[in-house]
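Structure first, then comments.
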Amino acid sequence: GENVEQHPSTLSVQEGDSAVIKCTYSDSASNYFPWYKQELGKRPQLIIDIRSNVGEKKDQRIAVTLNKTAKHFSLHITETQPEDSAVYFCAALGPGKSTFGDGTTLTVKP
Amino acid sequence: GAVVSQHPSWVICKSGTSVKIECRSLDFQATTMFWYRQFPKQSLMLMATSNEGSKATYEQGVEKDKFLINHASLTLSTLTVTSAHPEDSSFYICSARLAGVTGELFFGEGSRLTVL
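If you read the sequences in order, they're chains S and Z.
So my numbering is basically just the index in the first sequence, starting at one, shifted up by 434.
So my numbering is basically just the index in the second sequence, starting at one, shifted up by 92.
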């Protein structure tokens with residue numbers, strides 16, 4: 435089955451700096467790669483996603499890159515703000531399957 | 093984005109009783125829904141994949157007789173925790189996937205179960 439590895443598990447940055455979170459996956463059938471932000475006790479919220487026919491996608495301060503050959507994808511947050519502090523999950527989805535990374539706790543220090 | 097509603101948001105029950113959690117896609121039809129369990133400060137652990145009109149597919153280590161899943165319609169899936177015990181206390185969350193090969197995944201609000 436699919437295996438998703440996410441790094442780092444914790445990340446602390448200064449406000450205004452960039453944050454990068456990386457994930458690797460194993461199943462070549464996975465074709466959809468979303469990123470979610472989860473605040474304590476709340477549901478994960480989709481923040482950006484990328485499909486396997488695209489290499490990069492950007493939405494304001496957030497960007498995602500995908501390398502299908504190497505089976506890895508990354509989340510980039512620029513100009514971080516304290517409200518970006520949360521747990522971020524990557525996921526790899528294929529037909530009838532969803533596998534999540536273990537999450538990254540991002541702390542943005544003011 | 094699409095809306096997925098989960099109910100109840102929290103429930104407290106006595107050991108030995110059964111608890112049903114509902115997951116509804118409010119503005120789209122979901123042929124596939126997923127059920128997860130999440131422990132504090134940990135990731136989402138996939139429990140099972142719920143397919144409309146057929147039996148759920150359970151992940152290894154998840155007892156299908158304890159966690160009954162029913163997906164009777166394209167907008168509703170239910171998870172019943174049978175004969176609940178304190179170790180079943182957790183945050184249970186569902187998600188529903190939009191139709192299509194690369195359909196987006198949306199989450200319910202989650203249900204916090206506490207078994208006394």
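The beta carbon of each residue, even a glycine, is placed where N, CA and C say it ideally should be.
Beta strand (DSSP E) containing residue i: first to last residue?
i	result
Gly435 of chain S	Unbroken run through Gly435 of chain S: none, as it is neither H nor E.
Pro468 of chain S	Tyr466 to Gln472
Phe198 of chain Z	Leu197 to Phe199
Gln130 of chain Z	Thr124 to Gln130
Phe159 of chain Z	Phe159 to Ser165
Ser187 of chain Z	Ser182 to Arg189
Thr572 of chain S	Past the edges of chain S, shown from 435 to 544, lies residue 572 of chain S, and the structure says nothing about it.
Thr172 of chain Z	Leu168 to Val173
Spell out whether any CB of chain Z is found under 8 Å from the CB atom of residue i.
i	result
Gly489 of chain S	no
Ser532 of chain S	yes
Pro516 of chain S	no
Asp536 of chain S	yes
Asp493 of chain S	no
Phe507 of chain S	no
Leu500 of chain S	no
Leu540 of chain S	no
Asp483 of chain S	yes
Pro544 of chain S	no
Pro442 of chain S	no
Leu527 of chain S	yes
Within its chain, find whatever has a CB closer than 7 Å to the CB of residue i; leave out the 5 residues flanking it on each side and keep chain order.
i	result
Asp493 of chain S	Ile482
Met125 of chain Z	Cys115, Ser142, His163, Ser169, Cys186, Ser187 and Ala188
Leu540 of chain S	Leu445, Ala453, Asp518, Ser519, Ala520 and Tyr522
Gln515 of chain S	Glu449 and Val542
What separation, rounded to the nearest whole angstrom, lies between the Cα atoms of residue i and residue j?
i	j	result
Leu136 of chain Z	Gly202 of chain Z	11 Å
Ala148 of chain Z	Thr444 of chain S	34 Å
Val96 of chain Z	Thr167 of chain Z	9 Å
Ala191 of chain Z	Tyr522 of chain S	25 Å
Ile104 of chain Z	Gly535 of chain S	29 Å
Glu513 of chain S	Phe507 of chain S	20 Å
Phe63 of chain Z	Gln448 of chain S	Given a span of 93 to 208 for chain Z in the structure shown, any question on residue 63 of chain Z remains unanswerable.
Phe120 of chain Z	Gly195 of chain Z	12 Å
Pro178 of chain Z	Leu138 of chain Z	20 Å
Gln98 of chain Z	Val154 of chain Z	21 Å
Using beta carbons (cut-off 8 Å, strictly below), is residue i in contact with chain S?
i	result
Gly145 of chain Z	no
Glu201 of chain Z	yes
Ser135 of chain Z	yes
Leu118 of chain Z	no
Thr206 of chain Z	no
Leu209 of chain Z	Residue 209 of chain Z falls outside the range modelled here, since chain Z spans only 93 to 208, and no answer is possible.
What residues in its chain sit with their C-beta under 6 Å from that of residue i, if we drop five residues either side in the sequence?
i	result
His510 of chain S	Val454 and Ala497
Ile161 of chain Z	Ala140, Ser142, Ala148 and Leu171
Phe183 of chain Z	Gln130, Gly202 and Arg204
Ser462 of chain S	none
Leu197 of chain Z	Ser187 and Arg189
Is there at least one Cβ from chain B nearer than 8 Å to residue i's Cβ?
i	result
Phe126 of chain Z	Protein chains in the displayed structure are S and Z, and chain B is not among them.
Tell me which residues share the same chain as residue i and place their Cβ nearer than 8 Å to its Cβ, disregarding the 5 neighbours each side in the sequence.
i	result
Ser101 of chain Z	Glu201, Gly202, Ser203 and Arg204
Val488 of chain S	Leu500
Leu480 of chain S	Pro468, Trp469 and Tyr470
Leu574 of chain S	The question about residue 574 of chain S has no answer here: the residues shown for chain S are numbered 435 through 544.
Task: Segments assigned beta strand (DSSP E), at least 3 residues, entirely inside the region 441–526 of chain S - done: With a minimum length of 3 residues, the continuous beta strand (DSSP E) runs that stay inside the region 441–526 of chain S are 444–448, 453–459, 466–472, 479–485, 490–493, 496–501 and 506–511.
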